[in-house]
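Visitor: To convert, count from 1 in the sequence shown and add 110; that's the numbering used here. Quick reminder that beta carbons are idealized off the backbone N, C-alpha and C, glycines included.
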Amino acid sequence: MVPPYLQVSSVSLGYGGVRALFDVSFSLDQGTMLAVIGANGAGKSSLARAISGLVPLQSGMIRFDGAEISGRPSHLIQRKGVVYVPEGRGIFRSLTVEENLLLAMRHLSTRSSRLQAKDFAYELFPALANRPKQRADTLSGGEQQMLALARSYTMDAKLLIVDEPSFGLAPKLVDQVFESLRQATARGITVIIIEQFVDRVLSMSDLCLILAGGAVNWSGPVADARAVLHERYLGSSTSANGPPPDHPSGVEAPAETVAPVNSQRMPDIE
Ligand SMILES: Nc1ncnc2c1ncn2[C@@H]1O[C@H](COP(=O)(O)OP(=O)(O)OP(=O)(O)O)[C@@H](O)[C@H]1O
Ligand SMILES: [Mg+2]
């Protein structure tokens, strides 16, 4: 049997004695998109940092593409193709748009491959193509987000982890950002997307993981996630622009008290 592309097994971690993740497990096949949703403080970014090696695990193990990555330095994990686009962008603010892209592509050895990568980035985000010489810190919030994503696409990502990519963006830019992620998956990139726009993100993901209080509250195919969200958080709207229906601000129940729905239909995720 082929092992999962990404396997997160019983991961726990904390910051200075305060636990942020409790026994989190799931797996992901290559080329799929996983939506991670949950309230503020639920542990979504901590999970992203754990996979990318930015915070050490207290226990558990993470395997990616046939090798254990937990415990390895973040730059080596990145070299394996795990690219994390953090909340609040992750760009070099004092460098220009073009310099940011060139730095992201430094692993590409030939001029033609760099040109190709740059063309792809500019094709996805024409707004950046018009301002290669502009300093990143003078870009608008939306343009900075585009630059962060454009950088990740030129970094030869195999597993792309994007943390709230639509945060603070106007609806039109949100469309562009989501469309670029759809194109990334169409190219075979595996994506973990942390998002507050639940409806939007579920409509383009394959699987969904709901975190609450640092633990897995539910996981399974997106087709089942909608029913779960409606059932558990009834009364909230599923509007694409409003807060997520699950916005599990009220979800404080321990994970084990919440039975997975249709667990027999969760082949890809544990
Ligand atoms: N560097 C840190 N030091 C101490 N505590 C931290 C640190 N980073 C996160 N935490 C705590 O860990 C918990 C999980 O935080 P995390 O950032 O993973 O949540 P999140 O789900 O990404 O929230 P948000 O939706 O607000 O981004 C929170 O209680 C947070 O206060
Ligand atoms: Mg976060």
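1. Determine contact between the stretch 186 to 205 and the stretch 266 to 277, defined as no fewer than three beta-carbon pairs at a distance below 8 angstroms.
2. Consult DSSP for Ala267 and reduce its assignment to one of helix, strand or coil.
3. Are Arg173 and Ser204 touching if we call contact CB-CB under 8 angstroms?
4. Counting pairs of beta carbons, one from the stretch 298 to 307 and one from the stretch 226 to 233, are three or more of them closer than 8 angstroms?
5. Taking the continuous alpha helix (DSSP H) assigned at Ser223, which residues delimit it?
6. When you compare the CB positions of Gly298 and Gly141, do they come within less than 8 angstroms of one another, or not?
7. Quick test of the definition: if touching needs 3 or more C-beta pairs under 8 angstroms, does the stretch 314 to 326 touch the stretch 124 to 143?
8. Can you tell me where the beta strand (DSSP E) with Met171 in it begins and where it stops?
9. Whole angstroms are fine: how far does the CA of Leu257 sit from the CA of Ala239?
10. What do you reckon, are the CB atoms on Ala152 and Leu270 nearer than 8 angstroms?
11. To the nearest angstrom, how far is it from the Cα of Glu289 to the Cα of Val112?
12. Whose C-alpha, out of Ala280, Arg182, Ser184, Met143, is nearest the C-alpha of Ala296?
13. On the three-state DSSP scale, how would you describe Phe132?
14. Checking the sheet assignment: what are the DSSP bridge partners for Arg245?
15. With a threshold of 7 angstroms, establish whether the CB of Lys228 neighbours any heavy atom of ligand 2.
16. With burial defined as no fewer than 16 other Cβ atoms inside 10 Å of the residue's Cβ, what is the status of Pro354: buried or exposed?
17. With distance defined between alpha-carbon atoms, name the residue in Glu197, Ile161, Val338, Leu249 nearest to Ile187.
18. Whole angstroms is fine: what's the gap from Ile179's alpha carbon to Met171's?
19. How would you call Val128, buried or exposed, if buried means at least 16 neighbouring beta carbons within 10 angstroms?
20. Are the beta-carbon atoms belonging to Val326 and Val301 less than 8 angstroms from one another?
21. Span of the beta strand (DSSP E) holding Pro331?
22. Thinking just about the alpha-carbon of each residue, which of Glu274, Asn210, Gly148 is nearest to the one in Leu249?
23. Give every residue of the same chain whose Cβ lies closer than 6 angstroms to the Cβ of Leu234, excluding the five residues on either side of it in the sequence, and list them in chain order.
24. For ligand 3, I want to know if Glu305 counts as a neighbour, meaning its beta carbon is within less than 7 angstroms of at least one of the ligand's heavy atoms.
25. Could you tell me if Pro281 is buried or exposed, where buried requires 16 or more neighbouring beta carbons within 10 angstroms of its beta carbon?
Guide: Considering the structure as presented:
1. yes
2. coil
3. no
4. no
5. 221 to 234
6. yes
7. yes
8. 169 to 174
9. 10 angstroms
10. no
11. 30 angstroms
12. Met143
13. strand
14. Thr206
15. no
16. For Pro354, the predicted structure reports a pLDDT of 42, less than 50, and the residue's modelled location is therefore unreliable. The matter cannot be settled from this model.
17. Ile161
18. 8 angstroms
19. exposed
20. no
21. 325 to 331
22. Asn210
23. Ser290
24. Here the bound small molecules are ligand 1 and ligand 2; ligand 3 is not part of this structure.
25. exposed
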